[in-house]
């Protein structure tokens, strides 16, 4: 994840080096070589995803400066990346936020062990009903027919049973280290808000759509509330995509290790263009197309 950009661009090497110095662990080694058991730990995974996304965004702006950005968003940790890319805080501040967010969420997950499951082919009403009956919560509203549930191991086991009985098309347990975007993350959310209160933040130059509200923060206080609330609140991703569509975006560019969100957009409007940048090859393809 990101190694080909690291090998080609000295700027990316500098970003990884700065992250390693600030975070105190070999981020590039874990990102590029694993082992997977280390990379999937929350404390490593979130900074790895952030630096990968921020580095690719930085190269995108350098290689295709004529791109006119009219809006940005990111799912879960990706929202921090979007805010950093759009100028809400600098890279050093972002690393501090990402590191602390990961630590707080990892501590909450150890205190309240749990997991998540994706329901593909379910309606919102079905997902909410299964969550209520099993004692878990809806963590992600990704699309009209895809939601993610989060909760304790026992509640998710019951949710899986209920979903299969309801003949949901696909019931996919997720390989995650905790019950993210649920009530079990409330302490982490409050602690993160206290951290945000003591940092200098700016309203981004480009609108960033919040996971928690599917709208744009208008004040610094709203920005702080947005970033902290999303830790324990459902991700309103489908609503966020609808909001972005109102911005008359001609081309969506997804920065991700693999294609994920284009399919969500296509469910709203099959004519929408979405290109994914995951490696140097896809970056070069985008440069040639534009």
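Residue numbers (my numbering): 21 to 310.
Using N, Cα and C, we set each Cβ at its ideal position, and we do this for glycine too.
- In this structure, the beta-carbon distance from residue 165 to residue 202 does not fall below 8 angstroms.
- Exclusion of the five residues before and after residue 105 leaves 77 as the residues of its chain whose Cβ lies within less than 6 angstroms of its Cβ.
- In the DSSP assignment, residue 161 falls within the beta strand (DSSP E) that extends over 157-163.
- Only residues of its own chain outside the window of five on either side were considered, and among them 24 and 25 have a CB closer than 8 angstroms to the CB of residue 299, listed in chain order.
- Annotated as distal: residue 149 and residue 62, with beta-carbon spacing of 8 angstroms or more.
- Taking 3 residues as the minimum length, the beta strand (DSSP E) runs contained wholly in the segment 228-295 are 272-275, in order along the chain.
- Annotated as distal: residue 108 and residue 70, with beta-carbon spacing of 8 angstroms or more.
- Per DSSP, the unbroken alpha helix (DSSP H) holding residue 149 starts and ends at 144-154.
- Secondary-structure assignment with DSSP links residue 192 through a beta bridge to 138.
- Using a 10 angstroms sphere on the CB of residue 21, the tally of other CB atoms reaches 16 or more, which defines it as buried.
- DSSP, read as helix, strand or coil, puts residue 90 in coil.
- C-alpha of residue 33 to C-alpha of residue 47: approximately 11 angstroms in a straight line.
- In the DSSP annotation of this structure, the continuous segment of the beta strand (DSSP E) that includes residue 171 starts and ends at 166-172.
- The residue from 146, 208 and 36 with its alpha-carbon nearest to that of residue 179 is 146.
- Only residues of its own chain outside the window of five on either side were considered, and among them 102, 229 and 260 have a CB closer than 6 angstroms to the CB of residue 93, listed in chain order.
- For the pair residue 310 and residue 234, the Cα-to-Cα distance works out to about 29 angstroms.
- Closest by C-alpha distance to residue 88, out of 241, 304 and 225, is 225.
- Excluding sequence positions up to five before and after residue 110, its CB lies less than 6 angstroms from no other CB in the same chain.
- Closest in alpha carbon position to residue 290, among 248, 265, 307 and 306, is 265.
- Taking residue 151 as the centre and dropping the five residues before and after it, the same chain places the C-beta of 157, 158, 169 and 179 closer than 7 angstroms to its C-beta, in chain order.
- Residue pairing by DSSP leaves residue 226 without any beta bridge partner.
- Taking the C-beta atoms as reference points, residue 231 is found no nearer than 8 angstroms to residue 129.
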